[in-house]
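See structure below.
Structure follows, in structure tokens:
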């Protein structure tokens, strides 16, 4: 059960992306490599046009840029409130509990990255050679948090950066490190929380770019942060392959639920005209996870079994993954 939970978390952590083909895995990457952070700046400029300005990813990026540009405390406070409101709206995309919650930031990021990398941009090899999806940690959360902190410490120790927002990003990383310190008193944590409101999380793509640059360093390749990134990408390839492999697989609970999640992710949560459609799909997703009549296997158990079967078949076809993605335990 534990092994299946790990696989489930790998795949479903960003389940809104299950229906997105892994285009980047088959794409010829650009021949030269700038840092992923540098390429991400260009990617946002390419993607966040006026017609996409209200999409969660672009709106968040614009708000963070405004916060970086101003020193007015009141303006920063107002912008921080807008950022918080955007996060609250994003939570409304969550569907029915259990596996299958939709992350609009992840969906927008994947769409942006696939479109940008399809143009074979010069110098974007590092950015475009990584997965098009959200980074979704699996395994030990403590070990992933530790290597995520290492990535931020590495980034903040660099003498220069292409990011105007570096100071705010690093200030936030420092505050979070103090929050995690066991010696920090409750009163000190209250003060740290106030300061954190002045330094909200960086733009979604920026964080992914920092991780990508950190993980391309050979000595970091086996850290939990970097292995989870690779494993998540492979899990999505496996899911896409399995649900298209046969009619039986397609009609299984896991694939049917994934298809609904993909439909839900395509409905902008800021578009009130789609509210009823989102509500109907969310109700279907919730219904799928209700206890089985007559006391049969629970929906979670059914999905876990399907994922186990899919992974076993996929790994039998891909011997080259024996020491990586397929190395994690897989129950009989």
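In the working numbering, the protein residues as written are 1436 to 1767. All C-beta atoms, glycine included, are put in the ideal place defined by N, C-alpha and C.
Beta-carbon proximity list for residue i, same chain, < 7 Å, skipping 5 on both sides
i: residue 1584; result: 1612
Reduced DSSP category for residue i - H, G, I as helix; E, B as strand; rest coil
i: residue 1541; result: helix
i: residue 1658; result: coil
i: residue 1593; result: coil
i: residue 1480; result: helix
i: residue 1652; result: coil
i: residue 1616; result: coil
i: residue 1513; result: helix
i: residue 1599; result: coil
i: residue 1686; result: coil
i: residue 1495; result: helix
i: residue 1621; result: helix
i: residue 1640; result: helix
i: residue 1628; result: helix
i: residue 1729; result: helix
i: residue 1608; result: helix
i: residue 1521; result: helix
i: residue 1546; result: helix
i: residue 1647; result: helix
i: residue 1734; result: helix
i: residue 1740; result: helix
i: residue 1488; result: coil
i: residue 1583; result: helix
i: residue 1663; result: helix
i: residue 1462; result: For residue 1462, the predicted structure reports a pLDDT of 33, less than 50, and the residue's modelled location is therefore unreliable. The matter cannot be settled from this model.
i: residue 1702; result: coil
i: residue 1505; result: coil
i: residue 1724; result: coil
i: residue 1681; result: coil
Beta-carbon proximity check, residue i vs residue j, cutoff 8 Å
i: residue 1633; j: residue 1688; result: no
i: residue 1696; j: residue 1720; result: yes
i: residue 1515; j: residue 1637; result: no
i: residue 1540; j: residue 1639; result: yes
i: residue 1694; j: residue 1702; result: no
i: residue 1405; j: residue 1597; result: Beyond the ends of the chain as shown, which are 1436 and 1767, falls residue 1405; an answer cannot be given.
i: residue 1717; j: residue 1699; result: yes
Through-space distance from residue j to residue i, alpha-carbon basis
i: residue 1753; j: residue 1761; result: 9 Å
i: residue 1715; j: residue 1723; result: 13 Å
i: residue 1582; j: residue 1730; result: 43 Å
i: residue 1554; j: residue 1614; result: 42 Å
i: residue 1475; j: residue 1624; result: 33 Å
i: residue 1522; j: residue 1669; result: 28 Å
i: residue 1642; j: residue 1680; result: 34 Å
i: residue 1737; j: residue 1682; result: 17 Å
i: residue 1663; j: residue 1656; result: 10 Å
i: residue 1511; j: residue 1503; result: 9 Å
i: residue 1672; j: residue 1557; result: 26 Å
i: residue 1707; j: residue 1684; result: 34 Å
i: residue 1630; j: residue 1507; result: 15 Å
i: residue 1628; j: residue 1489; result: 28 Å
i: residue 1690; j: residue 1746; result: 14 Å
i: residue 1727; j: residue 1667; result: 29 Å
i: residue 1547; j: residue 1609; result: 30 Å
i: residue 1509; j: residue 1686; result: 54 Å
i: residue 1748; j: residue 1665; result: 19 Å
i: residue 1435; j: residue 1732; result: Beyond the ends of the chain as shown, which are 1436 and 1767, falls residue 1435; an answer cannot be given.
i: residue 1652; j: residue 1592; result: 15 Å
i: residue 1485; j: residue 1601; result: 25 Å
i: residue 1744; j: residue 1626; result: 50 Å
Chain-order list of residues whose beta-carbon lies under 8 Å from that of residue i (same chain, five-residue window excluded)
i: residue 1725; result: 1734
i: residue 1493; result: 1479, 1482, 1483, 1487, 1543
i: residue 1525; result: 1491, 1538, 1539, 1540, 1704
i: residue 1607; result: 1631, 1634, 1635, 1636, 1637
i: residue 1505; result: 1511, 1514
i: residue 1495; result: 1518, 1521, 1540, 1638, 1639
Cutoff 6 Å; reference residue i; Cβ partners in own chain excluding five residues on either side
i: residue 1478; result: 1551
i: residue 1471; result: 1561, 1562, 1644, 1647, 1648
i: residue 1590; result: 1645
i: residue 1518; result: 1498, 1635
i: residue 1661; result: 1650, 1655
i: residue 1604; result: 1637
i: residue 1599; result: 1503
i: residue 1501; result: 1514
i: residue 1587; result: 1608
i: residue 1619; result: 1613
i: residue 1621; result: none
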